[in-house]
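Reviewing the structure listed below.
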Amino acid sequence: MQKKSYLPLILLLFVSVLGVIFPAVPKTIVTEGINSGDTAWMLVSAALVLLMTPGLAYFYGGMVNNKNVISTMLQSFIAMGVISILWVVVGFSLAFGDDIGGFIGNPTTFFMFNNVLDGKPWPLAATVPLVVFAFFQLKFAMITPALVTGSMAERINFKSYVLFMVLFSLVVYTPLAHMTWHPDGFLFKLGVLDFAGGTVVHMSAGWAALAGALYLKRRKSQVESSYFPPANIPFVLLGTGLLWFGWFGFNAGSAVGATPLAASAFATTNTAAAAAGLGWVLFDASKGKKVSALGFAIGAVVGLVAITPAAGFVTIPTSIFIGSIAGIISNTVAHLRTKSTLDDTLDVFPCHGVGGMVGMVMTGIFASKGINSAVVDEGLAFGDTKLFFIHLLALVIVSVFAFGASYLLLIVTNAILPLRVSEEDEKVGLDVSQHDEFLVDAA
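Residue numbers for the sequence shown, in the working numbering: 28 to 470.
Here it is, written out as structure tokens:
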């Protein structure tokens, strides 16, 4: 039996009491300008994006060894609980509250969701209730720290992960969301285009994953060159299917309405995923490897990552190019990672970090006014250089911020709660050592 821990329960009860003290009772529900079709689509989109986090749990859970399946999956599911509460208390305010210096929102603007039910629609989502937009954005905030876990799988202390997830969400995710998606945000005003989170979600998660892999160092099994096969490749395929399905809400939902733009983003999302999945396995085949289920699944997810920032700015044929190139580049980086001593357990940085950066660059090349009237400066392919160089600058800024801040948070977290489990716990497996649970075939 482990040592008793009262503080987390006390914190939850404290927040529960805050919910009574600050009930956020609406004065008047805003109905003017609300479009029922757009609202219905955004509710569906929010549900689709929510499904991505369980999808990620299966995707990651199938790739680790069978001693760590439950712990790895739980790291995604617990994010659904923790970030949901954090978002209502202060997260939405920090990301979308009144601007402070272009870098963060005022934490009091929507504290405890005050002024949300009766608030005016978000300026860039004027036809849906503010609460719908807020909960759609919650699902993005939810999956981002869950993505990070793949780099630290099989060796991270569960309690420490929860603490890091909270700190990462407050210090890294919400500022990036504000800077990129708030009309007064620094990157938004700079002219950066990120349709659905290539910068905010995937680059931030990818760089945090790299920081985590470097800070936690290598698993003992990797040092000993022990090979543990993936626990369940059908889980990986199931997770890929759920992610692909949910990603339609992720990207097409970011049009914030049931519009032709949503249809275009829907189409580019599917096309890029298909191209990247094929690109990954065909690149493997060109090197004499067999076509694998795992390869196609990983490649398809890379394509979804890469098209995310570009989905509503590029044409459907262009998405074939984006997906194919992203699949080949991420495959190459993942292969190089295996030749190094970097222990990014599930290749989060090569897939999400690199995939997000490829997508950001591709947006700077192929963004078109013909697809989205919000595009002020077209991409390099249309003879305009400004957007391309803005994106290169933003890529450097976001990379330095996400990696540096995440590494600092890992140091802080470790000083409060040790991040890495003991050598014995790692050997037994985190399912048993952290949760007293195990797969039947691992008993």
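Ideal Cβ placement from N, Cα and C applies to all residues, glycine included.
- Note on the region 96-173: whole alpha helix (DSSP H) runs with a minimum of 4 residues are 96-113 and 119-123, in chain order.
- Judged by beta-carbon spacing, G386 lies beyond the 9 Å limit of W68, meaning their Cβ atoms are not closer than that value.
- I183 is bridged by DSSP to R447.
- With a beta-carbon spacing of about 16 Å, I110 and P202 fall beyond the 8 Å limit used to define contacts.
- Around the beta carbon of H418, 16 or more other beta carbons sit within 10 angstroms, so the residue counts as buried.
- In the DSSP assignment, T207 falls within the alpha helix (DSSP H) that extends over T201 to W208.
- DSSP, read as helix, strand or coil, puts N93 in coil.
- With a threshold of 16 other beta carbon atoms within 10 Å, E450 falls short and is exposed.
- Of V402, S178, W271 and W208, the smallest CA-CA separation from I131 is found for W208.
- Nearest to T176 by alpha-carbon distance, out of T335, G88, A303 and N278, is G88.
- Residues of the same chain with a CB within less than 8 Å of the CB of E405, apart from the 5 flanking positions on each side, are A394, S395, K396, D411 and L414 in chain order.
- Of the residues H229, S252, A289 and V219, the one whose Cα lies closest to the Cα of K366 is S252.
- A straight line joining the alpha-carbon of A320 with that of M90 spans about 12 Å.
- The Cβ atoms of D65 and T342 do not sit closer than 9 Å to each other.
- For R246, the three-state secondary structure derived from DSSP is coil.
- Contact check for G239 against L437 passes: the beta carbons are separated by less than 9 Å.
- Annotated three-state conformation of Y33 is coil, per DSSP.
- Here T345 is buried: its Cβ has 16 or more other Cβ atoms, across all protein chains shown, within 10 Å.
- Judged by DSSP secondary structure, F275 falls within the alpha helix (DSSP H) whose first and last residues are I260 to A279.
- Annotation: F140 to F255 spans about 46 Å, alpha carbon to alpha carbon.
- Between L83 and L174, the CB-CB gap stays under 9 Å.
- Relative to L45, the option among V115, V425, N278 and D126 whose CA is nearest is V115.
- Between the alpha carbons of F119 and F49 lies a distance of about 16 Å.
- Considered as a whole, the region 340-379 harbours 343-365 as its complete alpha helix (DSSP H) runs of no fewer than 4 residues, in chain order.
- Annotation: K186 to L444 spans about 8 Å, alpha carbon to alpha carbon.
- The beta carbon of L373 sits closer than 8 Å to the beta carbons of Y87, M90, V91, G177, S178 and A180 from its chain, once the five residues preceding and following it are set aside; these are given in chain order.
- Under the 10 Å beta carbon count, T359 is surrounded by fewer than 16 other beta carbons and is classified as exposed.
- Minimum Cα-Cα distance from W149 among the listed residues V57, H362 and A290 corresponds to V57.
- When DSSP states are grouped into helix, strand and coil, A290 belongs to the helix group.
- Here G380 really is in contact with L237; their C-beta atoms are around 6 Å apart, less than 8 Å.
- The alpha-carbon separation between A223 and A279 amounts to approximately 8 Å.
- Rounded to whole angstroms, the separation of the alpha carbons of G218 and V403 is 8 Å.
- A distance of 9 Å or more separates the beta carbons of L77 and M100.
- For L220, the three-state secondary structure derived from DSSP is coil.
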